[in-house]
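Protein chains in written order, with the numbering used here: chain F, 87 to 356; chain P, 87 to 356. Read the structure below first, then the notes.
Number of protein chains: 2
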Amino acid sequence: GAVWSEPRSGMPGPCRRTPVPGVLGFWGGVGGVGITQPSLELKQSRLKVRFCTNESQKSRQELVGLLRRQGFDISEGEVTAPAPATSLILKERGLRPHLLVHDGVRSEFGQIDTSNPNCVVIADAGEGFSYQNMNKAFRVLMELEKPVLISLGKGRYYKETSGLMLDVGAYMKALEYACGIEAEVVGKPSPEYFQSALKEMGVEAHEQAIMIGDDIVGDVGGAQRCGMRALQVRTGKFRPSDEQHPEVKADGYVDNLAEAVDLLLQHATK
Amino acid sequence: GAVWSEPRSGMPGPCRRTPVPGVLGFWGGVGGVGITQPSLELKQSRLKVRFCTNESQKSRQELVGLLRRQGFDISEGEVTAPAPATSLILKERGLRPHLLVHDGVRSEFGQIDTSNPNCVVIADAGEGFSYQNMNKAFRVLMELEKPVLISLGKGRYYKETSGLMLDVGAYMKALEYACGIEAEVVGKPSPEYFQSALKEMGVEAHEQAIMIGDDIVGDVGGAQRCGMRALQVRTGKFRPSDEQHPEVKADGYVDNLAEAVDLLLQHATK
Numbered sequence: 087g088a089v090w091s092e093p094r095s096g097m098p099g100p101c102r103r104t105p106v107p108g109v110l111g112f113w114g115g116v117g118g119v120g121i122t123q124p125s126l127e128l129k130q131s132r133l134k135v136r137f138c139t140n141e142s143q144k145s146r147q148e149l150v151g152l153l154r155r156q157g158f159d160i161s162e163g164e165v166t167a168p169a170p171a172t173s174l175i176l177k178e179r180g181l182r183p184h185l186l187v188h189d190g191v192r193s194e195f196g197q198i199d200t201s202n203p204n205c206v207v208i209a210d211a212g213e214g215f216s217y218q219n220m221n222k223a224f225r226v227l228m229e230l231e232k233p234v235l236i237s238l239g240k241g242r243y244y245k246e247t248s249g250l251m252l253d254v255g256a257y258m259k260a261l262e263y264a265c266g267i268e269a270e271v272v273g274k275p276s277p278e279y280f281q282s283a284l285k286e287m288g289v290e291a292h293e294q295a296i297m298i299g300d301d302i303v304g305d306v307g308g309a310q311r312c313g314m315r316a317l318q319v320r321t322g323k324f325r326p327s328d329e330q331h332p333e334v335k336a337d338g339y340v341d342n343l344a345e346a347v348d349l350l351l352q353h354a355t356k
Numbered sequence: 087g088a089v090w091s092e093p094r095s096g097m098p099g100p101c102r103r104t105p106v107p108g109v110l111g112f113w114g115g116v117g118g119v120g121i122t123q124p125s126l127e128l129k130q131s132r133l134k135v136r137f138c139t140n141e142s143q144k145s146r147q148e149l150v151g152l153l154r155r156q157g158f159d160i161s162e163g164e165v166t167a168p169a170p171a172t173s174l175i176l177k178e179r180g181l182r183p184h185l186l187v188h189d190g191v192r193s194e195f196g197q198i199d200t201s202n203p204n205c206v207v208i209a210d211a212g213e214g215f216s217y218q219n220m221n222k223a224f225r226v227l228m229e230l231e232k233p234v235l236i237s238l239g240k241g242r243y244y245k246e247t248s249g250l251m252l253d254v255g256a257y258m259k260a261l262e263y264a265c266g267i268e269a270e271v272v273g274k275p276s277p278e279y280f281q282s283a284l285k286e287m288g289v290e291a292h293e294q295a296i297m298i299g300d301d302i303v304g305d306v307g308g309a310q311r312c313g314m315r316a317l318q319v320r321t322g323k324f325r326p327s328d329e330q331h332p333e334v335k336a337d338g339y340v341d342n343l344a345e346a347v348d349l350l351l352q353h354a355t356k
């Protein structure tokens with residue numbers, strides 16, 4: 087565990103576009119613990135690991151590529167992301183989406199019939215959130231007898247090097263208000279989303295699973311509402327005021343992901 | 087009054103961009119009645135008339151020009167519109183706006199200091215609602231200690247020949263959600279807005295003023311909440327289901343504006 091307790095340089099600011107430990111959510115099971123890291127101890131620990139993210143601009147393939155280049159040993163099968171989760175939901179319910187999504191994530195919907203749409207799927211479309219594209223999505227909804235709007239997360243905003251950027255949640259609210267409907271959210275902190283990830287891992291929320299994340303509401307609060315324990319890492323989105331959050335109390339705090347891995351491995355080997 | 091009871095051709099569909107009697111709100115005072123029309127009877131009746139609109143893409147000058155070309159005898163001083171009303175509010179409160187508005191209405195803010203903004207004003211900006219412009223407005227708000235967002239109306243959508251268009255209310259909701267704030271709405275059905283128009287006319291809501299409009303909630307309900315009586319015209323936005331609206335009951339219905347004028351003149355001359 088010594089490797090992990092060393093302070094690591096290049097730890098993230100609150101920038102969602104660079105997938106780094108402190109910013110995205112990690113969780114796993116078997117004995118209650120797990121983390122995805124290129125650590126021999128982890129590999130030998132038999133812990134199940136899952137990378138649970140709200141990233142909706144990138145495909146799993148792109149995401150895994152980025153993480154691997156940063157040294158995380160992870161495969162596409164270990165990723166729970168809103169786009170593939172939505173793709174499954176669409177198939178199950180026979181929904182044909184009008185997609186208002188970023189080009190980077192369009193491949194996740196490659197197998198989905200998008201002709202004659204009977205629902206709208208929005209994700210963080212970035213520049214794609216033009217007035218014209220918003221009107222298109224709005225008109226599709228207004229032509230449906232029972233409008234179905236699926237939103238990949240409901241983030242308010244995030245930070246890029248150029249400044250704060252509106253996230254999908256803001257545009258979800260715009261369409262909800264205009265249509266007088268409520269969107270279905272696929273992503274943290276939706277309980278269904280956590281549960282789909284737990285199911286894919288084959289672990290139970292209680293006792294078996296622990297969430298590690300930097301977002302006190304989305305990661306920690308969301309996981310706890312599903313019966314999981316949750317650690318908050320003091321990196322990324324973490325703010326000192328989170329430790330006195332009026333509604334959410336983490337089961338523990340760690341200074342960085344390395345410390346979390348140490349803690350989990352100690353616990354797992356007991 | 088005979089002139090007015092004739093069915094008139096060219097009455098409006100639900101298209102806000104063509105300012106026509108059934109679509110915009112009209113109201114006046116003195117004895118409780120008034121309407122703006124190029125009618126000799128009206129001119130001789132001494133009724134005060136005011137044109138109370140939520141139009142936020144056009145200046146009063148442009149609006150009056152359009153109405154005059156349609157035969158309505160109206161001057162800029164008889165118009166209550168969100169942009170000049172907002173301009174007054176900004177002056178009174180020493181606010182310097184970042185403007186996210188349509189170019190057509192920018193002239194109404196010509197006298198306002200927009201340097202170093204301490205609030206954001208949004209109106210129906212149409213194509214101006216780009217992701218880039220929304221982010222700009224959002225960043226201005228997030229940099230303020232107490233973010234002030236003023237929205238010129240809170241309409242959900244309107245109809246143009248090319249189809250349904252999202253209105254300012256949807257984008258207001260997006261910024262409200264992203265910033266965790268509530269906007270101040272300048273426009274119908276805000277009570278402050280009706281009251282500012284009443285004040286400009288120098289009439290009292292009770293007994294003296296009557297609203298005539300096609301929007302059951304925005305015109306009729308809004309005016310009634312301010313103590314006015316309100317007629318709904320069965321044109322424009324009117325839908326037969328409005329007469330069984332669960333929350334708002336008009337004080338009367340007329341088939342068109344002509345009938346409303348007849349009714350008011352009969353009442354006024356008693």
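Cβ coordinates follow ideal geometry from the N, Cα and C atoms, glycine included.
One alpha carbon belongs to F324/F, the other to V306/F, and they sit about 11 Å apart. Inter-segment contact for the segment 227–245 of chain P and the segment 201–209 of chain P is present: three or more beta-carbon pairs are separated by less than 8 Å.
Residue state for C312/P is assigned as coil, using DSSP reduced to three classes. Interface residue (Cβ-Cβ distance to chain P less than 8 Å): L230/F is not classified as such.
Excluding the 5 residues flanking it on each side, R154/F has same chain C-beta neighbours closer than 8 Å at I160, in chain order. Contact between the segment 271–289 of chain F and the segment 269–281 of chain P is absent: fewer than three C-beta pairs spanning the two stretches fall below 8 Å. A contact between stretches requires three or more CB pairs, one per stretch, nearer than 8 Å, and the segment 284–293 of chain P fails this requirement with the segment 250–265 of chain P. The beta carbon of L235/F does not come within 8 Å of any beta carbon belonging to chain P, so the residue lies off that interface.
Below 8 Å, enough C-beta pairs join the segment 314–322 of chain P and the segment 289–301 of chain P to call them touching: three or more. Each residue's CA atom was taken as its position, placing Q147/F and S237/F some 21 Å apart. Counting C-beta atoms within 10 angstroms of its own C-beta, E178/P has fewer than 16 neighbours from the protein chains shown and is therefore classed as exposed. For R154/P, the uninterrupted alpha helix (DSSP H) segment begins and ends at 146–155.
The continuous alpha helix (DSSP H) containing V226/P extends over residues 217–228.
DSSP, reduced to helix, strand and coil, places S237/P within a strand of the structure shown.
Counting of Cβ neighbours within 10 angstroms places H292/P among the exposed residues, the total staying below 16. For N221/F, a Cβ of chain P is located within less than 8 Å of the residue's own Cβ.
Going by DSSP, V135/P is part of the beta strand (DSSP E) stretching over 134–138. Rounded to whole angstroms, V135/P and R192/P show a C-alpha spacing of 26 Å. Of S216/F, G241/F, D341/F, the smallest CA-CA separation from E141/F is found for G241/F. For I208/P, the enclosing beta strand (DSSP E) has its first and last residue at 205–208. Residue pairing for V271/P: DSSP places it in a beta bridge opposite S237/P. Within chain P, no residue has its beta carbon less than 7 Å from that of S276/F; the closest one is some 16 Å off. For I198/P, the secondary structure class from DSSP, reduced to helix, strand or coil, is coil. Taking the Cβ atoms as the reference, D337/P lies roughly 4 Å from R315/P, within the contact range of under 8 Å.
For a Cβ distance threshold of 7 Å, residue set Y263, A264 of chain P lies close to R242/F, ordered along the chain.
From the beta-carbon of A260/F, the residues of chain P found nearer than 8 Å are L252, A256, Y257, K259, A260. Restricting attention to L350/P, R225/P, T172/P, the CA atom closest to the CA of Q294/P is found in L350/P. Take E262/F, set aside five residues on each side of it, and the residues of its chain with a beta-carbon closer than 8 Å to its own are L235, E268, A269, in chain order. Under DSSP, the beta-bridge partners assigned to K245/P are L250/P. DSSP, read as helix, strand or coil, puts V187/F in coil.
Against R192/F, chain P offers no close residue; the least beta-carbon distance is about 17 Å (beta-carbon pairs closer than 9 Å). Comparing C-alpha distances from H331/F to each of G304/F, Q352/F, L343/F shows the shortest one belongs to G304/F.
Judged by their CB atoms, S173/F and F195/F are nearer to each other than the 8 Å cut-off. Exposure of Q197/F is indicated by the presence of fewer than 16 other C-beta atoms within 10 angstroms of its C-beta. For chain P, none of the residues of the segment 179–209 of chain F brings a beta carbon within less than 9 Å of one of its beta carbons. The three-state reading of DSSP puts V306/P in helix, counting H, G and I together.
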